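Residue numbers (my numbering): 5 to 71.
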Amino acid sequence: MAAEASFPLTSLSEAQRTQALERFARLRPALEGQMSQTQLAREQQIPLSTIQRWIKQHREKGLAVNV
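As structure tokens, this is what we get:
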């Protein structure tokens, strides 16, 4: 099932696009199964609940939600 963004990345400001892409880059190892969410949270020093929320939002709504 493909995620559908609620709005296209092109509708975001440059700063918002940068933030979305940076967050995706941080989540990518967990999204691709290269590391667990717990490992990612420790490595990135981000609460596990935040990682879980970001991943859930990304899977439901796509990259543009990462703003």
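Idealized CB from N, CA, C, for every residue including glycine. Keep in mind it's a predicted model, so treat the numbers as computed, not measured.
Problem - GLN48 vs ARG32 beta-carbon contact at 7 Å - result: As a working mapping, residue 48 is identified with position 44 in the sequence shown. As a working mapping, residue 32 is identified with position 28 in the sequence shown. The answer is no: Cβ separation not under 7 Å.
Exercise for the section: Might you give, ordered along the chain, the residues of its own chain that have their beta carbon closer than 8 Å to the beta carbon of PRO51, omitting 5 neighbours on each side? Expected result: Taking the first residue of the sequence shown as position 1, residue 51 is located at position 47. Around PRO51: ALA45.
Practice task
Work out the CA separation of LEU35 and GLN56 for me, nearest whole Å.
Solution key: By one-based count along the sequence shown, residue 56 stands at place 52. By one-based count along the sequence shown, residue 35 stands at place 31. Distance between GLN56 and LEU35, taken at the CA atoms: about 11 Å.
Handout entry: C-alpha gap between HIS62 and MET39, whole angstroms
Key = Within the sequence shown, residue 62 is the residue found at index 58, counting from 1. Within the sequence shown, residue 39 is the residue found at index 35, counting from 1. So the alpha carbons of these two residues sit roughly 17 Å apart.
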